[in-house]
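Take the numbering used here: the final residue in the sequence shown is number 738, and no numbers are missing along the way.
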Amino acid sequence: MPAETLSRDPASQKTGGGFKGPMRPPRHVRIWLAVMAALFLAAHLPWLGDTLADIDAFNFALGAREFAPAKHQPHPPGSPVYVYLARASTEVLDAFRPEPSGTPVAPQRNAAEGLAFWSALGGALALFFLPYLFLRLAREDTRFADVDSTRVALAATALTVACPLFWFTAGRPLSDVPGLAAALGAQALTLAAFERTRQPGRGGFSLALAAFVAALIVGIRSQTMWLTMPLLLAVVATRWRTIARRDLALTTAAFAAGALAWVLPLLAATGGLGAYLAALGNQGAEDFTGVDMLYRNPTPSRLALGLLHTFVWPWMSVPLAVVVLVLAGVGAVRSLWRLPRALLMGLVAFLPYALFHIAFHETVTTRYALPLVPAVAWLAAIGASAIAGRLALPLLLALSVSAVALVVPASLDYHKGDSPAARLVTRLVDEAHTRGETPLVLAMHQRVHLDTRRVFDWMLEGREPRWRRLASTPRDEVWNVLRYWEEGGAAPVWFLASPARTDLALIDHASVREMGRFSWPYKIRTLAGNTRPNDVIWYELRDPGWYLEEGWALTPEIAGRSASRGRGPSVGGIEARVRRRGGPATLIIGGRNLGQPGEPAAHLEVSFDGGALLTADVAPGFFTRTLSLPAGALAGGAGFGTLRVAASGGPTVAIEQFDVQDAGRVVFAFGPGWHEPEYSPVEQRLWRWTSDRAELLVHHAGQDVEVEISGDAGGWFFQRARTITLRAGD
Numbered sequence: 009m010p011a012e013t014l015s016r017d018p019a020s021q022k023t024g025g026g027f028k029g030p031m032r033p034p035r036h037v038r039i040w041l042a043v044m045a046a047l048f049l050a051a052h053l054p055w056l057g058d059t060l061a062d063i064d065a066f067n068f069a070l071g072a073r074e075f076a077p078a079k080h081q082p083h084p085p086g087s088p089v090y091v092y093l094a095r096a097s098t099e100v101l102d103a104f105r106p107e108p109s110g111t112p113v114a115p116q117r118n119a120a121e122g123l124a125f126w127s128a129l130g131g132a133l134a135l136f137f138l139p140y141l142f143l144r145l146a147r148e149d150t151r152f153a154d155v156d157s158t159r160v161a162l163a164a165t166a167l168t169v170a171c172p173l174f175w176f177t178a179g180r181p182l183s184d185v186p187g188l189a190a191a192l193g194a195q196a197l198t199l200a201a202f203e204r205t206r207q208p209g210r211g212g213f214s215l216a217l218a219a220f221v222a223a224l225i226v227g228i229r230s231q232t233m234w235l236t237m238p239l240l241l242a243v244v245a246t247r248w249r250t251i252a253r254r255d256l257a258l259t260t261a262a263f264a265a266g267a268l269a270w271v272l273p274l275l276a277a278t279g280g281l282g283a284y285l286a287a288l289g290n291q292g293a294e295d296f297t298g299v300d301m302l303y304r305n306p307t308p309s310r311l312a313l314g315l316l317h318t319f320v321w322p323w324m325s326v327p328l329a330v331v332v333l334v335l336a337g338v339g340a341v342r343s344l345w346r347l348p349r350a351l352l353m354g355l356v357a358f359l360p361y362a363l364f365h366i367a368f369h370e371t372v373t374t375r376y377a378l379p380l381v382p383a384v385a386w387l388a389a390i391g392a393s394a395i396a397g398r399l400a401l402p403l404l405l406a407l408s409v410s411a412v413a414l415v416v417p418a419s420l421d422y423h424k425g426d427s428p429a430a431r432l433v434t435r436l437v438d439e440a441h442t443r444g445e446t447p448l449v450l451a452m453h454q455r456v457h458l459d460t461r462r463v464f465d466w467m468l469e470g471r472e473p474r475w476r477r478l479a480s481t482p483r484d485e486v487w488n489v490l491r492y493w494e495e496g497g498a499a500p501v502w503f504l505a506s507p508a509r510t511d512l513a514l515i516d517h518a519s520v521r522e523m524g525r526f527s528w529p530y531k532i533r534t535l536a537g538n539t540r541p542n543d544v545i546w547y548e549l550r551d552p553g554w555y556l557e558e559g560w561a562l563t564p565e566i567a568g569r570s571a572s573r574g575r576g577p578s579v580g581g582i583e584a585r586v587r588r589r590g591g592p593a594t595l596i597i598g599g600r601n602l603g604q605p606g607e608p609a610a611h612l613e614v615s616f617d618g619g620a621l622l623t624a625d626v627a628p629g630f631f632t633r634t635l636s637l638p639a640g641a642l643a644g645g646a647g648f649g650t651l652r653v654a655a656s657g658g659p660t661v662a663i664e665q666f667d668v669q670d671a672g673r674v675v676f677a678f679g680p681g682w683h684e685p686e687y688s689p690v691e692q693r694l695w696r697w698t699s700d701r702a703e704l705l706v707h708h709a710g711q712d713v714e715v716e717i718s719g720d721a722g723g724w725f726f727q728r729a730r731t732i733t734l735r736a737g738d
């Protein structure tokens, strides 16, 4: 491909302007871009998938049926432009390919493809907008003559579109890619206006058009404002003296018209400004519930994770990400030294969104990093040009091909099957119908409730099977199940649990049966990061042998709740509800005396329905007691009795282990050498440190026992290899 001829803009010598490089790619390059766009569509349209997958997609689909942001259809801010586009495409599909009605769960194919069509189209349009944007960034610096701006623009475009996150998201029924494509077009228009307004009295129409588009596309995706508004304001501020008053008035009017084009229908559909603000406030509260963002957790580790999610995960492969980021680093240094004006305009275009994203987004939702991919690709192209010269374009094309080869299998896996959400609801409905008239109770963690409610709304269309729903009160979800049992409830409870929660430890583990896990395959988790609902575990709770009331400390979550409510064995005592039984049983109880070495022992008393089971003095540190209870110790009729644990006469005591089972069942406890339970938010599991010798106390009940231990040898903390020896009966 011949290099572009680059020359200085004569007007710039008088007005302090920039480099007069090409305003747009040459004709033969535009033809190739059109071919690439057609191939991009051909690679996406046949595999758009037939599942909505994400809570946002369900909201958009419901909004396409009935635009009602007050009902979160979709959730505020509302995206009315995108929703009306989706309605049009979905209606076309419904006309040519009607879907069956009256099925147990509503079909999703037309709704999913009607939404995803605009993602694929947005990806194809981005192939055209990106070169225009990159070329116009190049024109803002006189020293860009040292770089073949067309080659840089084409290389950056190829790398952007081939980025696994971009390619993958371009087939999803979400507004991310259409919103980004529109924002890139608005940025290119704004930079064109920046150049045309160099001379006094010129470029007013270009500026007004850029303002209109920037305001209008907020109705596609609200986050586009962080990509377009700062750049538009910077152009107006920089060109304040050269913009005629009539052009400034025209620009203001155009911006207002673009905003009103979607604001008025939005307010009308919501029921007025008050109703909209109320819905927006509710959505904001939900978005901040249980979300790990830098604004709420300003720690170095949170910042490091945010940077990892933003700049590494979009590339799907760590080696690929390292190559791209090293090239981008070289490009940033070169731009700072040789191309400062172009770099400055690039920062104005992308840095505001980057700061907003890192601070206020849940960065594990990888698609939120999509708008930063073009900036990284542009810097990588500049870096490759600095290192490889004319070979930069072939180098980045090779990287692009490798990126596409990585992402295509993941995209096919994503689209060829139902989403975890769809599988979950379908299985719930099938199992409910299989059980016929058996009454059921459905409960779930609040995060699961917020993430699945639109899935239920869409797939069941209000025709829920015969189950009773318990409230998903924040931090009280499992306690609502306990209250149901205390009120005499006896129906099986289906509990939809988040792996991030550990409060089900309050319930007898022997009565908790896992019915299924619903999550995305591992290899697409980085690209579909935090797609909601995801990682839901379906448990059935039936006939518990015991459950715990307030004040226990079996997990960090439960211990935190007990501490916040001022409950514990040393503060009024704690209770468990234990099913009465006539036969012998095994009781395990363990925990910690939280005093310092040398402080007095605490006196521990355990009783059942007023009868003593254990009295012991526990010194500061960990303790475990295993009791073989004789027949009749837990007798007293039907139903549940009250097991009470109280500590007195010493430092505070926390109970971290508890179990009661019939004598013929296997039970175990963590004995000397194990430390308190901790929770890993990354692995979403409980774990414990061990000392150099740790004992696992197993009541085998005369049965063969298989023990599985998994862990980490502490490589982060110890340089030498660790030798682990397991012995039984020693």
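Just so it is clear, CB atoms sit at the ideal spot from N, CA and C, and this is done for glycine as well. Values in this document were obtained by computation on a predicted structure and should not be read as measured data.
Which residues does DSSP list as the beta-bridge partners of serine 636? Here residue 636 refers to the residue found at position 628 of the sequence shown. As a beta-bridge residue in DSSP terms, serine 636 pairs with Thr594.
As a quick exercise: from Trp682, Leu562, His611 and His708, pick the residue whose alpha carbon is nearest that of alanine 593. Translated into positions along the sequence shown, residue 593 becomes position 585. Residue nearest to alanine 593 within the set Trp682, Leu562, His611 and His708 is His708 (criterion: CA-CA distance).
Threonine 650 bridges to which residues according to DSSP? Indexing the sequence shown from 1 puts residue 650 at position 642. For threonine 650, which the question treats as bridged, DSSP gives the partners Arg585.
Entirely enclosed alpha helix (DSSP H) segments - the stretch 518-584, minimum 4 residues: Within the stretch 518-584, the complete alpha helix (DSSP H) runs of at least 4 residues are 564-572.
Please name the residue in Leu167, Gly619 and Pro77 whose C-alpha comes closest to that of alanine 389. Position 381 of the sequence shown, counting from 1, holds the residue named residue 389. Nearest in C-alpha terms to alanine 389, of all of Leu167, Gly619 and Pro77, is Leu167.
Boundaries (first-last residue) of the beta strand (DSSP E) holding leucine 622: Within the sequence shown, residue 622 is the residue found at index 614, counting from 1. For leucine 622, the enclosing beta strand (DSSP E) begins and ends at 619-626.
Quick test of the definition: if touching needs 3 or more C-beta pairs under 8 Å, does the stretch 127-144 touch the stretch 31-46? By the Cβ rule, the stretch 127-144 counts as touching the stretch 31-46, because three or more pairs are nearer than 8 Å.
Proximity below 9 Å, CB of valine 489 to CB of leucine 549: As a working note, residue 489 is residue 481 in the sequence shown. As a working note, residue 549 is residue 541 in the sequence shown. Yes, the Cβ-Cβ distance between valine 489 and leucine 549 is below 9 Å.
Tell me whether glycine 598 is buried or exposed, calling it buried when 16 or more other Cβ atoms sit within 10 Å of its Cβ. Here residue 598 refers to the residue found at position 590 of the sequence shown. Classification for glycine 598: buried.
For isoleucine 515, count neighbouring Cβ atoms within 10 angstroms of its own Cβ and tell me buried if that reaches 16, exposed if not. Taking the first residue of the sequence shown as position 1, residue 515 is located at position 507. Around the beta carbon of isoleucine 515, 16 or more other beta carbons sit within 10 angstroms, so the residue counts as buried.
Tell me whether glutamine 116 sits in a helix, a strand or coil according to DSSP, three-state version. Sequence index remark: in the sequence shown, residue 116 carries index 108 (1-based). Three-state result, glutamine 116: coil.
Could you tell me which whole alpha helix (DSSP H) segments of length 4 or greater appear in the stretch 209-235? Fully enclosed alpha helix (DSSP H) runs of 4 or longer: 212-224.
Given that a residue counts as buried once 16 or more other Cβ atoms are within 10 Å of its Cβ, and exposed if not, what is threonine 442? Numbered from its first residue, the sequence shown carries residue 442 at position 434. Per the 10 Å Cβ criterion, exposed.
Measuring straight from C-alpha to C-alpha, what distance separates glutamine 195 and glutamate 121? Looking up residue 195 in the sequence shown gives position 187. Looking up residue 121 in the sequence shown gives position 113. Between glutamine 195 and glutamate 121, the C-alpha separation is close to 28 Å.
Counting along the chain, where does the alpha helix (DSSP H) carrying isoleucine 663 start and finish? For the purposes of this step, residue 663 is taken as the residue at position 655 of the sequence shown. For isoleucine 663, there is no enclosing alpha helix (DSSP H); the enclosing beta strand (DSSP E) has its first and last residue at 661-670.
So is alanine 276 buried or exposed if we call it buried at 16+ other beta carbons inside 10 Å? Locating residue 276 in the sequence shown gives position 268, where the first residue counts as 1. With fewer than 16 other Cβ atoms within 10 Å, it is exposed.
Do serine 527 and valine 544 count as a contact pair if the criterion is CB distance below 9 Å? Here residue 544 is taken as the residue at index 536 of the sequence shown, counted from 1. Here residue 527 is taken as the residue at index 519 of the sequence shown, counted from 1. Taking 9 Å as the cut-off, the Cβ atoms of valine 544 and serine 527 count as close.
In this structure, does DSSP put glycine 737 in helix, strand or coil? Here residue 737 corresponds to residue number 729 of the sequence shown, with the count starting at 1. In the structure shown, the three-state DSSP call for glycine 737 is coil.
Check for me: the alpha helix (DSSP H) holding methionine 452 runs from which residue to which? Looking up residue 452 in the sequence shown gives position 444. It is not in any alpha helix (DSSP H) - methionine 452 instead sits in the beta strand (DSSP E) that spans 448-452.
Evaluate isoleucine 251 with the Cβ neighbour count: other Cβ atoms within 10 Å of its Cβ, from every protein chain shown; 16 or more gives buried, anything less gives exposed. Within the sequence shown, numbered from 1, the residue matching residue 251 stands at position 243. Classified as buried, isoleucine 251 has 16 or more neighbouring CB atoms from the shown chains inside 10 Å of its CB.
Reducing DSSP to helix, strand and coil, say where tryptophan 682 ends up. To locate residue 682, count along the sequence shown from 1; it is residue 674. Note: tryptophan 682 maps to strand in three-state DSSP.
Under a three-way DSSP split, which group does phenylalanine 676 fall into? Mapped onto the sequence shown, residue 676 falls at position 668. In the three-state DSSP reduction, phenylalanine 676 falls in the strand class (E or B).
Output the boundary residues of the beta strand (DSSP E) element that contains tryptophan 55. Sequence index remark: in the sequence shown, residue 55 carries index 47 (1-based). It is not in any beta strand (DSSP E) - tryptophan 55 carries neither H nor E in the DSSP assignment.
If contact is defined by three or more beta carbon pairs under 8 Å, each pair taking one atom from either stretch, is the stretch 167-176 in contact with the stretch 69-88? Judged by Cβ distances under 8 Å, the stretch 69-88 makes no contact with the stretch 167-176, as fewer than three pairs qualify.
So does the stretch 399-415 actually touch the stretch 553-571, counting three or more Cβ pairs closer than 8 Å? Result no; under three Cβ-Cβ pairs closer than 8 Å.
What span of residues does the beta strand (DSSP E) with valine 501 cover, start to end? Numbered from 1 along the sequence shown, position 493 holds the residue referred to as residue 501. Run containing valine 501: 501-505, per the beta strand (DSSP E) assignment.
Should phenylalanine 104 go down as buried or exposed, given a rule of 16 or more other Cβ atoms within 10 Å for buried? Mapped onto the sequence shown, residue 104 falls at position 96. Classification for phenylalanine 104: exposed.
Decide if the stretch 408-426 is in contact with the stretch 358-375; the criterion is three or more beta carbon pairs, one per stretch, under 8 Å apart. For the pair of segments examined, the stretch 408-426 was found not to touch the stretch 358-375: the number of CB pairs separated by less than 8 Å stays below three.
Mind checking which residues open and close the beta strand (DSSP E) that includes phenylalanine 616? Sequence index remark: in the sequence shown, residue 616 carries index 608 (1-based). Note, phenylalanine 616: beta strand (DSSP E), 610-616.
Per-residue burial, histidine 423 [other beta carbons within 10 Å of its own, 16 or more giving buried]: Translated into the one-based positions of the sequence shown, residue 423 becomes position 415. Classification for histidine 423: buried.
Rounded to a whole number of angstroms, what is the C-alpha to C-alpha distance between serine 570 and glutamate 558? What you label residue 570 is simply residue 562 of the sequence shown in a count that begins at 1. What you label residue 558 is simply residue 550 of the sequence shown in a count that begins at 1. One Cα belongs to serine 570, the other to glutamate 558, and the distance between them is close to 6 Å.
Sequence ranges, beta strand (DSSP E) only - wholly within the stretch 406-491, length at least 3: As far as the stretch 406-491 is concerned, its whole beta strand (DSSP E) runs of at least 3 residues are 448-452 and 475-477.
Taking the CB atoms as reference points, tell me whether alanine 767 and leucine 224 lie closer together than 9 Å. There is simply no residue 767 to check, as the chain begins at 9 and stops at 738 in what is shown.
Is it buried or exposed for histidine 457, if we count other Cβ within 10 angstroms and need 16 for buried? Reading the sequence shown from its first residue, position 449 is the one you call residue 457. Note on histidine 457: 16 or more other CB atoms within 10 angstroms of its CB, so buried under the neighbour-count rule.
Any non-hydrogen atom of the ligand MN closer than 8 Å to proline 482 Cβ: Of ligands this structure carries none, so the ligand MN is not represented either.
Nonlocal neighbours in the same chain, by C-beta distance under 7 Å from tyrosine 303, ignoring five residues either side: Mapped onto the sequence shown, residue 303 falls at position 295. Correct list, in chain order: Ala367 and Phe368.
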